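I have placed the structure first, in the form of structure tokens, so that the comments after it can refer back to it.
Number of protein chains: 2
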Amino acid sequence: MDQTRLRSLLAIAEHGGFGRAAAALGLAQPSLSRQIALLEQEVGRPLLYRHGRGARLTEDGQRLADAARPLLTGLANLASALDDPVPRGQVVLGVPTFMSVHLAGSIFGELRQRYPQLHIRLVDGFSGFINQWLTEGRLDIAILYDSQRSRAIMAEVLAEEDLLLFAHRRRARDLRGEGLEQDPVPVSALAELQLILPDQQHGLRRALHRAGAHPDPALLLEVDSLAAIRTLVEHGLGWSVLPRAALTQEAAKRCYILRDLGAPPLRVRLMVAVSPARGMTPALRAVLAHLHAMVARLQKRGIMSAPAARARQN
Amino acid sequence: MDQTRLRSLLAIAEHGGFGRAAAALGLAQPSLSRQIALLEQEVGRPLLYRHGRGARLTEDGQRLADAARPLLTGLANLASALDDPVPRGQVVLGVPTFMSVHLAGSIFGELRQRYPQLHIRLVDGFSGFINQWLTEGRLDIAILYDSQRSRAIMAEVLAEEDLLLFAHRRRARDLRGEGLEQDPVPVSALAELQLILPDQQHGLRRALHRAGAHPDPALLLEVDSLAAIRTLVEHGLGWSVLPRAALTQEAAKRCYILRDLGAPPLRVRLMVAVSPARGMTPALRAVLAHLHAMVARLQKRGIMSAPAARARQN
DNA sequence: TATCAGCTATAGCTACAGGCTATGGACCAG
DNA sequence: CTGGTCCATAGCCTGTAGCTATAGCTGATA
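Listed in order, the protein sequences are those of chains A and B. Start counting the first sequence at 408; every next residue gets the next number (my numbering). Start counting the second sequence at 408; every next residue gets the next number (my numbering).
Here it is as structure tokens:
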């Protein structure tokens, strides 16, 4: 979203009208009219309510303005980042289990090489554990799902991931019996399947719960180990649900069935959170930037999606 | 700083060269060359190290890239802000004493009006106390000086402020005797003056200490109350040091002397920090945005400065 | 050391985004 | 009803950021 257009929006909000804002910004009023028109077109809804004596932010406009302001001042102050000292020291990074494989290489390769004085300890676990460790101060920074109420700072949305239903090929008849031959499989169908899932406290279960999935307790194996879940699924003992990034290996093998889940697709938001016990040091900033870069790479490979507005018009 | 230029920088860093990055971005290589040249000109230092086989980030470039990446993804994901629910609930905001006068009006006026369901409690105190309350979870969000080691999240730099030395006019001879008729007064001169300052644990004292100011204990009154400091100074009992924003009243009256302090000017960075005990809710986002807007207004009035790179060439 | 391949910088051109002026039309106050 | 204030639209103009072509540099290799 364009910087100058957002600044225009803020200026109009601040000065209460196009004309006054234009004067303050040192440009002509019609220029602002056009910029705002384009911005409103981009987001697909009105951002300003024009009344006879000027203009005020609509509710959408207000939220956009609130979200944009810190980013814009951040951009304006970027030069000061050059004064920060070089990242150094230890950073303990917690990630959901399946992400460690995507991260390990670049963390101990690129990042280590760039900042030799920066020592990173990578810890993985189910997101419930990660969350807990973060609030306990055992982690400095972590990747989490937004589905859990965290006492830590939810700093930013990193990406969105589709959740996929999967099983060994020999279980194909489970769905065929239900008449669920084509994607997506509705969430309600989970109640009929033999499922292998982690415990309630983990983000995955919460996301499923929020989406209205109610696994039959009689058909549910609760297993808090990704490796174990994989093994059980491989042996055809049931179905499981995991984010796409966790299933790159399974997607490559022909012996698995991977099915889209829910319409609209069932998704979780991946957030990055910073420990309460740690200031935002240059070291953390470097790790944060690296996580962003890594996620961007996964997005490019189609494994994750950019977090999008849920209700977009056009 | 321009968004597309920063994206160019990131792309080159990622792909290891202008040509490959240009291909990835879908544009021609010379375009990138020019954008980067302009960016480097803007920050006044080289950001990329060109070697025969491509280009790599310099240390400055790396830090800029690290700082920019989260901002850029934030901008790219702005549309999702429109989906956030309306801000509501209680937020406890802590600010340094002297800032409450600049804030109170707009907090309980504009912000209250915009979000009727958002209830803000404003707490002020010396920054040492604010810091402590924040880590204890008594505050949700706070404005602080960066000079203290905080266990809270240092989210962002808001602004910089000059520290001014001031006293009642009748104490002018203190400086005249030292031959300090013209600005700025060197920091070392503080050792010779009768000073009235808050306790060691407060940001102001730490900033002075870091700048090499060593007040003579025999000439120092330690007073942890802004009102009391003001009164004492008004009665001519000594000199004090406060940020410019705290001295708007004194600046208007003719009976005070206000002097610049230190060369380069002695400054403190104003940060905004979020409580460990609170997630980044829409309510907090709204307050955060409001603080940014308020600080921008103060900057426009010349009371605060934008945080700038310390060592700028041109 | 000389050569070549691969990369970036420079020069000059073009096009479009974003600025401006002029003007029309809506809205509110008196 | 009328005048004033304000935003939207139309049409023009300029500057920026894109493009192609080419020069110049660098590092690898023979």
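Glycine is no exception: its CB is placed at the ideal position from the N, C-alpha and C atoms. All figures in this text were calculated on a predicted structure; none of them were measured in a lab.
For D581(A), no CB of chain B lies under 8 Å from its own CB, so it is not counted at the interface with that chain. Annotation for S647(A): the continuous beta strand (DSSP E) segment containing it runs S647 to P650.
A residue is called buried when at least 16 other Cβ atoms come within 10 angstroms of its Cβ; G619(A) does not meet this threshold and is exposed.
A check of alpha carbon separations from R427(A) across V702(A), L454(A) and R460(A) identifies R460(A) as the nearest. Along the segment 472–491 of chain B, the positions whose C-beta sits under 9 Å from a C-beta of chain A are A472, D473, A474, A475, R476, P477, L478, L479, T480, G481, L482, A483, N484, L485, A486, S487, A488, L489, D490 and D491, read in chain order. Contact annotation, R651(A) with E568(A): C-beta distance approximately 6 Å; criterion of less than 8 Å satisfied. Against chain A, a Cβ distance below 7 Å from Q410(B) picks out Q410. Per DSSP, the beta bridge partners of A549(A) are G501(A) and A680(A).
Residues of chain B whose Cβ lies closer than 7 Å to the Cβ of H699(A) are, in chain order, R476, P477 and T480.
Residues of chain A whose Cβ lies closer than 9 Å to the Cβ of L695(B) are, in chain order, D473, R476 and P477. Taken in chain order, the unbroken stretches of alpha helix (DSSP H) that lie wholly in the segment 408–474 of chain B and span 4 residues or more are 410–422, 425–432 and 436–450. Residues of the segment 562–574 of chain B with a Cβ closer than 8 Å to any Cβ of chain A, in chain order: A562, E563, V564 and L565. A574(A) sits close to I664(A), with the two beta carbons spaced by under 8 Å. E447(B) is outside the set of residues whose beta carbon lies under 8 Å from a beta carbon in chain A. Under DSSP, L571(A) takes part in a beta bridge, and its partners are L649(A) and D667(A). In terms of beta-carbon proximity, R470(B) lines the interface with chain A, with at least one pair separated by less than 8 Å. For V630(B), the nearest beta carbon of chain A is not closer than 8 Å to its own beta carbon. The alpha-carbon of R692(A) is positioned some 47 Å away from that of E588(A).
Contacts between P453(A) and chain B, judged by CB atoms closer than 9 Å, are missing: the closest CB pair is about 12 Å apart. V502(B) has a beta carbon lying at 8 Å or more from every beta carbon in chain A. Under the Cβ distance rule, A713(A) counts among the residues neighbouring chain B, one pair being separated by less than 8 Å. Fully enclosed alpha helix (DSSP H) runs of no fewer than 4 residues occupy 633–641 of the segment 618–642 of chain A, in order along the chain. The residues L570 and A618, in chain order, have a CB closer than 6 Å to that of L673(B) in the same chain once the five nearest residues on each side in sequence are set aside.
In the structure shown, R708(A) falls within a coil segment according to DSSP collapsed to helix, strand and coil. L510(A): not part of any beta strand (DSSP E); member of the alpha helix (DSSP H) spanning S507 to S513, first to last residue. Take the alpha-carbon of G423(A) and the one of L439(A): they are about 13 Å apart. For the segment 637–650 of chain B, there are no residues whose beta carbon sits under 9 Å from a beta carbon of chain A.
The beta-carbon distance between A713(A) and A566(A), rounded to whole angstroms, is 7 Å. This is short enough to meet the 8 Å contact definition.
Only residues of its own chain outside the window of five on either side were considered, and among them L604, P605 and D606 have a CB closer than 8 Å to the CB of R612(A), listed in chain order.
The C-alpha of R578(B) is placed about 7 Å away from the C-alpha of G645(B). Each residue's CA atom was taken as its position, placing P523(A) and L478(B) some 25 Å apart. Interface flag for D547(B) against chain A is unset, since no Cβ pair is found closer than 8 Å.
Within the segment 602–628 of chain A, not one residue has a Cβ closer than 8 Å to any Cβ of chain B. M701(B) is the residue among K707(B), Q706(B), I710(B) and M701(B) whose C-alpha sits nearest the C-alpha of E517(B). Between P622(B) and L654(B), the beta carbon gap of about 19 Å keeps them out of contact (Cβ cut-off 8 Å).
For the pair of segments examined, the segment 508–515 of chain A was found not to touch the segment 532–539 of chain A: the number of CB pairs separated by less than 8 Å stays below three.
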